[in-house]
Every structure is written in C-alpha cells, then in structure tokens.
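Novice: Just so we're aligned, residue 1021 is where the sequence shown starts under the working numbering, counting upward by one. Every residue gets a Cβ at the ideal spot worked out from N, C-alpha and C, and that includes glycine. Quick caveat, the model's predicted, so the values are computed rather than measured.
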Amino acid sequence: SIQDIVGALLLVLVLILLVLFTPYLLGDPDNYTPANSLNTPPHIKPE
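1) From D1050 to I1036, what distance separates their C-alpha atoms?
2) D1024 lies in the alpha helix (DSSP H); which residues open and close that run?
3) What is the DSSP secondary structure of P1062, reduced to helix, strand or coil?
Now the structure itself:
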C-alpha cells in the first residue's frame, strides 16, 4: 500500500541523511586517533 512505500522511503531518507551528515557517529573513537610509532599501546605487555 501507499503507507508501506512512504514508510520505506522515509526510512531510506533517514539512513541517507545519517550517512551523509554524520558518517563517523557510530564509529569507534580509537579509529580516529593518529598513529604514533614511538609509543607501544598499553595493552601490549612484554613477555
């Protein structure tokens, strides 16, 4: 029916707006810190 089509289009529109305007909203913040080859991550321990 028309209501199903409108609902699906609204859902797609919301997802498109989410991806276009806030692409990093659901990402892990650690992925956005720059790499530093001089520091060892704290979770790596010497044997």
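Specialist: Looking at the atomic coordinates:
1) 25 Å
2) 1022 to 1041
3) coil
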